[in-house]
Every structure is written in structure tokens, then in C-alpha cells.
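Visitor: I have a structure here, written as C-alpha cells, and I will follow up with some questions on it.
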Amino acid sequence: MSDGGNASKLIEVQDITRVFHVGGEEVRALRGVSFGISRGEWVAIIGQSGSGKSTLMNVLGCLDTPSSGRYTLNGKDVSRMSDDELAVIRNEEIGFIFQTFQLLPRETALANVELPLVYRGIPARERKARATAALEKVQLAHRMHHRPNELSGGQRQRVAIARALVAEPSMLLADEPTGNLDSATGEEIVRLFAELHQAGNTLVLVTHEPKLAARCPRAIRLSDGEVVADGPGREVALGIGQSVMAAGGT
Amino acid sequence: MKLKLPQGVRVDVVEGARIAVFSLKANRLRTVLTTMGIGIGVATLLAIVGIIQGLNTSFHRQLATFGANTIYVSKFPWIIKGDWWMYRNRKDITLDQVERLRHAAPFLTALSPSVQRVSDVEHGGEQLSTVRIQGVTQEYLAISGYEVTAGRFLTEADDETTRPVAVIGTEVADGLFPGISPLGRTIRVDNRTFQVVGTLSRKGKVLNQSMDLVVFIPFKTFYSSFGKGRRIEIAMAVEDASKLKQAEDQLVGILRRIRSTPPGQPDDFSINKPEAMAQTYEQLTGALYGVAVGVGLITLLVGGIGIMNIMLVSVRERTREIGVRRALGARKRTIVFQFLMEAASVSAVGGLLGTTVGLGTAKVVSLITPLAADVQAGTVAGGVGFAALVGLLFGIWPAARAANLDPVEALRYE
Ligand SMILES: Nc1ncnc2c1ncn2[C@@H]1O[C@H](COP(=O)(O)OP(=O)(O)O)[C@@H](O)[C@H]1O
Ligand SMILES: [Mg+2]
């Protein structure tokens with residue numbers, strides 16, 4: 001692939017594979033995946049269940065390392081980093097949003113949002129101010145002293161989004177963020193993503209819902225661990241046109 | 001930012017401590033109760049060690065007052081091993097035997113027969129109860145280690161003429177003659193009158209018995225006043241402690257001859273040495289010490305395994321939390337620290353409770369038994385600190401397990 005703008009890309013994935021060994025058998029979850037994502041993009045990763053979306057997400061989020069291939073994040077080769085270095089990368093570059101929210105149940109919304117700042121070593125006072133500001137962004141400042149079990153599903157996901165935003169990472173990684181929400185609440189969250197995209201954030205969204213992917217400016221379709229389509233969200237999600245070969249573009 | 005510690009370490013310590021406190025405040029009663037075992041183990045260990053050490057030092061101090069060069073021969077041994085009535089069948093020691101021994105054993109530097117009873121002693125309106133009345137001869141002074149502080153000790157003439165004279169210990173002097181000199185005054189013991197001719201130096205307590213609540217009277221005066229039915233003990237001294245062993249061997253032969261013990265029969269008398277008593281005592285407390293330490297260590301081991309178990313449960317319960325923290329940027333060692341701090345502080349609280357309970361028990365024991373439990377603040381601090389240390393030690397494995405969880409797996413854990 002001829003990518004002149006390599007340096008400007010936030011994410012550069014080259015021929016990544018991820019092989020799991022299960023009872024002597026090899027499961028090839030990713031079989032040579034390549035693409036780039038620029039700053040400010042909103043990209044959906046779609047595909048059927050078992051196509052490798054979550055595996056890719058974990059690699060992009062530096063929770064997992066590829067078996068082979070090269071992954072450059074914000075100019076740094078993270079595919080060979082140590083565990084401690086990856087922890088720092090996760091803290092500084094990535095904001096996770098999970099399908100099951102993954103809030104700490106015994107801590108308040110505020111404390112949950114503060115967590116990434118704790119691991120960055122930010123003093124308590126500044127932490128609190130920044131976490132409050134992040135909660136304001138998701139319109140939850142009035143709920144900041146509530147525990148997750150006192151919040152609705154949509155509110156929990158907004159707390160999680162505030163937590164992902166608070167440390168100002170290079171990108172937000174969301175794995176089926178609306179999967180556990182009813183459609184109206186899901187719509188709220190999608191609108192929030194659209195706003196965040198408007199504000200210049202880089203968003204990578206894993207979903208199996210074509211309708212959701214169709215609203216993203218760009219989508220990458222995985223099938224059996226390979227990229228089978230990469231192009232405008234509507235086209236890739238709804239299977240219109242031949243978007244696979246458009247991958248090199250953008 | 002005014003950082004004192006490197007940032008990473010500061011995060012580990014501050015956040016670890018915060019989570020530990022959080023865990024304590026949350027529903028962790030179960031955990032604290034589990035770790036109480038450790039506290040109790042630590043407390044009993046410390047208390048027993050303290051008691052034994054206290055006993056040892058005081059016993060040594062007390063024995064020092066007896067003199068290391070003394071031997072006492074009696075019908076019953078000081079420390080009875082086996083059946084008491086075995087000794088009962090022995091022949092009594094007679095005054096005649098004492099005299100024959102005196103002549104047969106020139107290596108003794110002092111020898112005195114000794115008989116005693118316990119009585120009330122009065123002077124004027126004052127009365128002292130359970131005073132040891134002891135009949136001895138002149139040479140007893142050198143053997144006993146008392147010193148005469150005023151007047152004189154008993155003499156040979158006192159004994160031969162059965163004079164009603166007495167030399168008294170400090171507690172008797174202070175109790176009956178507060179503020180005045182007892183010399184020349186009289187005391188009454190069971191309706192018999194004795195004139196005080198001397199007072200003795202303070203000797204303190206031996207095995208919780210005062211050595212100063214004592215009245216010495218001439219041996220023969222004792223016989224004529226209180227009858228001859230009492231058991232005679234023979235108190236002896238040799239030149240110095242190095243001669244003790246040799247003297248003992250010779251004494252056995254002489255005594256057997258004097259008492260015509262048939263050959264082949266065991267000795268029908270007991271030779272007691274304060275020196276040997278110290279050794280017996282040390283063996284006894286040494287064994288106790290060993291048992292206490294053993295029991296304490298086993299308790300600690302059991303308690304430690306309890307902590308390990310509860311921490312493994314805690315790690316499992318919080319697998320997802322660990323995954324979340326790792327995803328948000330916690331390093332492995334931050335997680336290790338979190339669980340170590342939790343293990344240590346939970347154990348410390350358990351230790352505090354356990355130490356309180358343990359020492360409370362020791363206190364009760366000391367109230368209802370003669371054991372002197374010495375409850376010190378240092379013991380409590382030691383108990384808490386030691387419990388925390390054990391918690392730390394047994395928390396290492398669970399903490400390492402927590403840190404080594406795969407973040408992806410942890411996040412997926414149900
Ligand atoms: N930890 C793992 N061990 C073994 N196989 C795995 C593991 N994670 C994922 N896989 C396998 O990899 C493939 C892709 O899984 P995944 O990335 O979860 O797909 P998706 O998220 O698209 O449903 C599946 O066949 C799955 O069984
Ligand atoms: Mg998935």
C-alpha cells in the first residue's frame with residue numbers, strides 16, 4: 001500500500017495477526033489486518049460475531065499484543081512494548097468504552113471518572129476539577145456522587161464516556177457501546193459520539209449493528225479475521241458498492 | 001506539582017492505601033474476623049514469651065540471693081517428681097544425724113539444722129499473720145545470705161540454753177515496730193514471748209514468697225516451744241560453687257552411712273541445690289518457651305493461610321475491577337501494591353482486635369492465677385505490626401496473581 005501520509009496517521013496497523021492456542025489448536029482471530037486511521041476520524045469496525053472485532057479492539061487498545069505485524073500508535077511502535085510501557089500508553093493514549101460499562105461498583109461516578117487521572121499521578125484537587133468537567137460534558141455533573149447502581153444504563157454509559165474522555169486520550173475505543181442499552185438510550189449515546197466527533201475526537205467504534213455503522217463517516221468490515229471492506233460507513237455497512245479496494249484511499 | 005516520591009511510587013502508595021482503607025470500610029467484617037486468628041496467635045505468643053522472660057529474670061534475681069554455694073538436704077525434694085507418698089515412707093532426718101554429719105563432713109564451711117512453721121506474730125496491738133518461724137543455729141546466717149542490720153544473730157549459747165530470743169526480717173520489723181527500734185522488745189508467737197535481739201537485711205521475694213516476713217529463733221528453743229514433730233532440713237554451705245558437685249557426691253555416701261540406707265536401695269533423702277533448681281527451672285520454661293513458640297507459629301501459619309485464602313477470594317471477586325484498573329493505566333506493581341496494602345491493613349486490624357482479645361485473656365488469667373501477665377503497650381504494637389507483616393507475607397501470592405491476570409480475560413470475567 002502506498003501511504004504517503006504515514007506520519008500523520010494516528011493509527012497504523014500493518015499486517016497484524018493474532019493467533020490463540022486452544023488445546024493444541026491454533027485459532028487465527030486476525031489474519032493479516034492492515035489499515036490506518038487519521039486523527040479526528042470516526043471509524044466503525046463491523047463484522048459478524050466471531051469475525052475478530054474484539055480481538056482487534058484489544059490490540060488497538062494495547063490490552064493485547066499482536067502475534068505478528070506492526071502497530072504504530074501516535075508515532076510509537078507499540079507492538080513490542082513491555083507490559084509497563086503498555087500501561088502508560090493505555091493511560092495516555094486510549095479511552096475505553098465497554099459494552100458492559102465496566103464502572104467500579106463501589107465507587108461514585110466522580111471517583112470512577114477520576115481513575116485514569118489517578119494512574120497518571122495527577123493531584124487530587126486537579127483530578128476532581130477535571131473529572132467534574134468531564135461529567136459536565138456528558139450532562140451528569142448532578143449525578144457525580146451517585147454509585148453506578150443508582151444510575152440508569154444510559155447514565156452509566158455516559159459516566160464511562162466521561163471516564164474515557166477525562167485524561168484527553170488520542171482516541172476513544174468503544175466496543176459495542178450501545179449493546180446493553182435500549183434503542184432510545186442507545187440513540188442518545190450515538191448522538192453524544194457524533195458531538196465528540198464534531199469536537200475533533202478520534203473515535204473507533206466496534207459494532208455488529210449495520211444501522212449504527214452506517215452513521216459513521218468510515219467503516220471497516222472484518223470477516224474471518226480479515227478486512228473485507230473499508231470505506232464510507234453507509235456503503236460498507238449496507239454492502240453497497242465495492243468498498244474493499246477503497247481501503248488504500250482516504 | 002510538589003512531588004516528594006517518584007510519581008509512579010506515589011501513585012502506588014497513595015492509591016494502594018486509599019483502596020485498602022476503602023476495603024476496610026466496605027463490608028469487610030468477614031475479612032477482619034478471619035484475620036483475628038493471626039492477631040490472637042501473635043498476642044498469645046507475645047504474652048507467653050513476655051511472661052516467661054519476666055519469670056526467668058526475676059527467678060534468677062531471686063536465686064542469686066540464695067547463694068550458689070549452698071546445699072539443702074531434706075526428706076522431701078524441693079521439686080517433687082513422681083508420687084509424693086513415695087517420699088513419705090522415708091525416715092525422718094534426726095538431730096543426731098545432723099551432728100554426725102557435721103563431724104563426717106569437714107569440707108562444709110557451715111551447717112545448720114532448720115525447722116519451720118507458719119504463725120501469727122504480735123507486738124502490742126499489732127499483729128502479722130502467716131509469718132515463717134524458723135528454728136536454726138548460728139551458722140545459718142552465713143548459709144542464708146541475710147545480713148544483720150542491727151543487734152546480733154543467734155549464738156551457740158542461745159541454742160544451748162534455749163533462750164527465748166528472736167532475729168526478725170524487715171517486714172516483721174516494719175509491721176510490728178513502725179518507726180521504733182525493735183531491739184530489746186518482745187514479740188509473741190502463739191502465746192510464747194521472744195525478745196528481739198537482731199534485725200536482718202531485706203531479701204525480697206522468692207517465688208512470690210516474701211523472705212522478709214520471717215522470725216529466726218534458736219533451733220532448740222523452737223523444739224521446746226513448738227514440739228519436735230517438725231521435719232528437719234539441713235542447710236549447708238561449701239567454700240564456693242565449684243566445690244558443689246564434689247561435696248554433693250561425698251554427702252550422698254556420708255548420709256547413706258549415717259542413715260544406714262541398705263546397699264542397692266535408692267537414696268532415702270533429697271539433696272537440693274538452688275543452683276540446680278535454676279537449671280531445672282530453665283529447662284522447664286525452655287520447654288514451655290518452645291511449645292509456646294511452636295503453637296504461636298502454627299497459629300500464625302494457619303492465620304496466614306486464612307489471609308491468603310481471603311485475599312484470593314478478594315482477588316477473584318474483583319477480577320473485573322482489576323481488568324478495569326489495568327485498562328485505565330494501572331501497572332502490575334500498582335495492582336500488587338493495592339492488594340498487599342489491603343492484606344496488610346486488614347491483618348493489622350485483625351491483629352489489633354486479636355491482640356486486644358489475647359491480652360484481655362492474659363489479664364484475666366493473671367487475675368485468677370498466680371501467673372503475672374505483664375500487658376505492655378509495646379506488646380499491642382508488636383502484635384499489630386507482626387500481624388500486618390504476616391498479612392503482607394501471605395498476601396504476596398494473591399497479589400501477584402491479581403497483577404498477572406490478563407487484562408482482557410479479567411474484563412470479560414463474570
Ligand atoms: N482468548 C481467546 N482464546 C481463544 N480464542 C479466542 C480468544 N479470543 C477470541 N478468540 C477467537 O477468535 C475469534 C474472534 O473472536 P472475537 O474477536 O471475540 O470476535 P468478535 O468480537 O468479532 O465476535 C473467535 O473465533 C474466537 O473464538
Ligand atoms: Mg466481540
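Chains as they are written, first to last, in our numbering: chain X, 1 to 250; chain A, 1 to 414. Beta carbons: idealized from backbone N, C-alpha and C, even for Gly.
Flag Gly52 of chain X as yes when its Cβ comes closer than 7 Å to any non-hydrogen atom of ligand 1, and as no otherwise.
Guide: Locating residue 52 of chain X in the first sequence gives position 52, where the first residue counts as 1. Yes; taking the cut-off as 7 Å, the Cβ of Gly52 of chain X has a heavy atom of ligand 1 nearer than that.
Visitor: Can you tell me whether Val349 of chain A is buried or exposed, with buried defined as 16 or more other CB within 10 angstroms of its CB?
Guide: In the second sequence, counting from the first residue as 1, residue 349 of chain A sits at position 349. Classification of Val349 of chain A: buried, given that the 10 Å Cβ count is 16 or more.
Visitor: Could you tell me whether the Cβ atoms of Leu300 of chain A and Ala43 of chain A are closer together than 8 Å?
Guide: Here residue 300 of chain A corresponds to residue number 300 of the second sequence, with the count starting at 1. Here residue 43 of chain A corresponds to residue number 43 of the second sequence, with the count starting at 1. Taking 8 Å as the Cβ cut-off, Leu300 of chain A and Ala43 of chain A do not qualify as a contacting pair.
Visitor: Using a Cβ-Cβ distance under 8 Å, would Glu15 of chain A count as near chain X?
Guide: Counting from one through the second sequence, the residue named residue 15 of chain A turns up at place 15. Yes - at least one Cβ of chain X is within 8 Å of the one on Glu15 of chain A.
Visitor: According to a CB-to-CB cut-off of less than 9 Å, which residues of the stretch 319-332 of chain A neighbour chain C?
Guide: Here chain C cannot be found, since the structure's protein chains are X and A.
Visitor: Return yes when the Cβ of Ala44 of chain X is within less than 8 Å of the Cβ of Leu212 of chain X, no when it is not.
Guide: Numbered from its first residue, the first sequence carries residue 212 of chain X at position 212. Numbered from its first residue, the first sequence carries residue 44 of chain X at position 44. Yes, the pair counts as a contact, with Cβ atoms nearer than the cut-off.
Visitor: Check this for me: beta carbons of Leu151 of chain X and Arg143 of chain X, under 8 Å apart or not?
Guide: For the purposes of this step, residue 151 of chain X is taken as residue 151 along the first sequence, with counting starting at 1. For the purposes of this step, residue 143 of chain X is taken as residue 143 along the first sequence, with counting starting at 1. Yes, the Cβ-Cβ distance between Leu151 of chain X and Arg143 of chain X is below 8 Å.
Visitor: Please report the residue range of the alpha helix (DSSP H) in which Gln428 of chain A lies.
Guide: Within the shown structure, residues of chain A are numbered from 1 to 414, placing residue 428 of chain A beyond reach of any answer.
Visitor: Looking at the C-beta of Met1 of chain A, does it have a partner C-beta in chain X at a distance below 8 Å?
Guide: For the purposes of this step, residue 1 of chain A is taken as residue 1 along the second sequence, with counting starting at 1. Residue confidence is low: Met1 of chain A scores 42 on pLDDT, short of 50, so the model does not pin down where it sits. Its coordinate-derived value is still stated next. Answer yes: the Cβ-Cβ gap between Met1 of chain A and chain X drops below 8 Å somewhere.
Visitor: Going along the chain, which residues of its own chain have a beta-carbon closer than 7 Å to the beta-carbon of Gly153 of chain X, five neighbours each way excluded?
Guide: By one-based count along the first sequence, residue 153 of chain X stands at place 153. The residues are Asn180, Leu181 and Thr185.
Visitor: Measuring only the C-alpha atoms, how far is Ser2 of chain X from Glu342 of chain A?
Guide: Within the first sequence, residue 2 of chain X is the residue found at index 2, counting from 1. Within the second sequence, residue 342 of chain A is the residue found at index 342, counting from 1. Note that Ser2 of chain X has pLDDT 40, beneath the 50 cutoff, so the model's placement of it is unreliable and the number below is only indicative. About 53 Å.
Visitor: Taking Ala388 of chain A and Leu45 of chain A to be in contact with their CB atoms under 8 Å, please state how far apart those CB atoms are, rounded to whole angstroms.
Guide: By 1-based counting over the second sequence, the position of residue 388 of chain A is 388. By 1-based counting over the second sequence, the position of residue 45 of chain A is 45. About 15 Å separates the two Cβ atoms, so there is no contact after all.
Visitor: Does ligand 1 have even one heavy atom less than 7 Å from the beta-carbon of Ser23 of chain A?
Guide: Reading the second sequence from its first residue, position 23 is the one you call residue 23 of chain A. Flag unset: Cβ of Ser23 of chain A not near ligand 1.
Visitor: Could you check if Gly47 of chain X belongs to the surroundings of ligand 1, using beta carbon to heavy atom distance under 7 Å?
Guide: Here residue 47 of chain X refers to the residue found at position 47 when the first sequence is read from its first residue. Yes, ligand 1 has a heavy atom inside 7 Å of this Cβ.
Visitor: From Thr94 of chain A to Gly204 of chain A, what does the alpha carbon distance come to, in whole angstroms?
Guide: Residue numbering aside, residue 94 of chain A sits at position 94 when the second sequence is read from its first letter. Residue numbering aside, residue 204 of chain A sits at position 204 when the second sequence is read from its first letter. Spanning the two alpha carbons is a distance of roughly 31 Å.
Visitor: Any Cβ of chain A within less than 8 Å of the Cβ of Ile16 of chain X?
Guide: Reading the first sequence from its first residue, position 16 is the one you call residue 16 of chain X. Not an interface residue.
Visitor: Could you tell me which residues DSSP pairs with Ala124 of chain X in its beta bridges?
Guide: As a working mapping, residue 124 of chain X is identified with position 124 in the first sequence. DSSP, once it has assigned bridges, lists no residue as partnering Ala124 of chain X.
Visitor: Taking only beta-carbon atoms, is Val336 of chain A less than 8 Å away from chain X?
Guide: Counted from its first residue, the second sequence places residue 336 of chain A at position 336. Judged by the 8 Å Cβ criterion, Val336 of chain A is not in contact with chain X.
Visitor: How about Thr162 of chain A and Ser210 of chain A: do their beta carbons lie closer than 8 Å?
Guide: Here the question's residue 162 of chain A lines up with position 162 in the second sequence. Here the question's residue 210 of chain A lines up with position 210 in the second sequence. No, these two residues do not count as a Cβ contact at 8 Å.
Visitor: Listing by chain order, which chain A residues have their CB less than 7 Å from the CB of Val118 of chain X?
Guide: For the purposes of this step, residue 118 of chain X is taken as residue 118 along the first sequence, with counting starting at 1. In chain order: Val11 and Glu15.
Visitor: Specify the secondary structure class of Glu160 of chain A as computed by DSSP and reduced to three states.
Guide: Within the second sequence, the letter at position 160 stands for residue 160 of chain A. Three-state result, Glu160 of chain A: helix.
Visitor: 8 Å is my cut-off, CB to CB: does Ala87 of chain X come that close to chain A?
Guide: As a working note, residue 87 of chain X is residue 87 in the first sequence. Output row for Ala87 of chain X: interface = yes.
Visitor: Alpha carbons only, please: which of X:Ala124, X:Ile161 and X:Pro148 is nearest the one belonging to Glu188 of chain X?
Guide: Here residue 188 of chain X corresponds to residue number 188 of the first sequence, with the count starting at 1. Minimum Cα distance to Glu188 of chain X is reached at X:Ile161.
Visitor: Return the CA-CA distance between Gln127 of chain A and Gly294 of chain A, expressed in angstroms with no decimal places.
Guide: By 1-based counting over the second sequence, the position of residue 127 of chain A is 127. By 1-based counting over the second sequence, the position of residue 294 of chain A is 294. Cα to Cα, Gln127 of chain A sits roughly 49 Å from Gly294 of chain A.
Visitor: Any C-beta of chain A sitting closer than 8 Å to the C-beta of Gln157 of chain X?
Guide: As a first step, residue 157 of chain X must be located in the first sequence, where it is residue number 157. For Gln157 of chain X, the answer is no, since every Cβ of chain A falls outside 8 Å of its Cβ.
Visitor: Closer than 9 Å by beta-carbon distance: list the chain A residues that pair up with Leu63 of chain X, in chain order.
Guide: The residue labelled residue 63 of chain X in the question sits at position 63 within the first sequence. Going along chain A in sequence order, the residues near Leu63 of chain X (Cβ under 9 Å) are Gly323, Arg326, Ala327, Asp406, Pro407, Val408 and Leu411.
Visitor: Per DSSP, what kind of secondary structure is Ala110 of chain A in: helix, strand or coil?
Guide: The residue you call residue 110 of chain A lines up with position 110 of the second sequence. Three-state DSSP puts Ala110 of chain A in a strand.
Visitor: Going by beta carbon distance, what residues of the same chain come within less than 7 Å of Gly233 of chain X, once the five residues before and after it are set aside?
Guide: Stepping through the first sequence from its first residue, residue 233 of chain X is reached at position 233. Contacts found: Ala44, Ala213, Ala214, Arg215, Cys216, Pro217, Arg218 and Ala219.
Visitor: Return no unless some Cβ of chain X is closer than 8 Å to the Cβ of Ala400 of chain A.
Guide: As a position in the second sequence, residue 400 of chain A is number 400, starting the count at 1. No, its Cβ sits nowhere closer than 8 Å to a Cβ of chain X.
Visitor: Grab me the residues of Thr149 of chain A's own chain with a C-beta within less than 6 Å of its C-beta, minus the 5 sequence neighbours each way, in chain order.
Guide: The count along the second sequence starts at 1 and reaches residue 149 of chain A at position 149. For Thr149 of chain A, where only same-chain residues beyond five positions count, the Cβ hits under 6 Å are Thr199 and Ser201.
Visitor: Okay, do the stretch 68-83 of chain X and the stretch 6-24 of chain X touch, 3+ Cβ pairs below 8 Å being the bar?
Guide: The stretch 68-83 of chain X, when compared against the stretch 6-24 of chain X, does touch it at the 8 Å Cβ threshold.
Visitor: Which word fits Lys273 of chain A, buried or exposed, when buried means at least 16 other C-beta atoms lie within 10 angstroms of its C-beta?
Guide: Here the question's residue 273 of chain A lines up with position 273 in the second sequence. Buried, because 16 or more other Cβ atoms sit within 10 Å of the Cβ of Lys273 of chain A.
Visitor: Output, in sequence order along the chain, the residues in the stretch 20-51 of chain A whose CB is closer than 8 Å to any CB in chain X.
Guide: Under the 8 Å Cβ criterion, the stretch 20-51 of chain A contributes Phe22 and Ala26.
Visitor: Between Phe98 of chain X and ligand 1, is the CB less than 7 Å from at least one heavy atom?
Guide: The sequence position of residue 98 of chain X within the first sequence is 98, counting from 1. Because no heavy atom of ligand 1 lies under 7 Å away, the Cβ of Phe98 of chain X does not count as near it: no.
Visitor: Output yes if chain A places a C-beta closer than 8 Å to the C-beta of Gly50 of chain X; else output no.
Guide: Here residue 50 of chain X corresponds to residue number 50 of the first sequence, with the count starting at 1. Gly50 of chain X does not count as touching chain A.
Visitor: With 16 other CB atoms within 10 Å as the buried threshold, where does Asp12 of chain A fall?
Guide: Walking along the second sequence from the start, residue 12 of chain A turns up at place 12. That one is buried.
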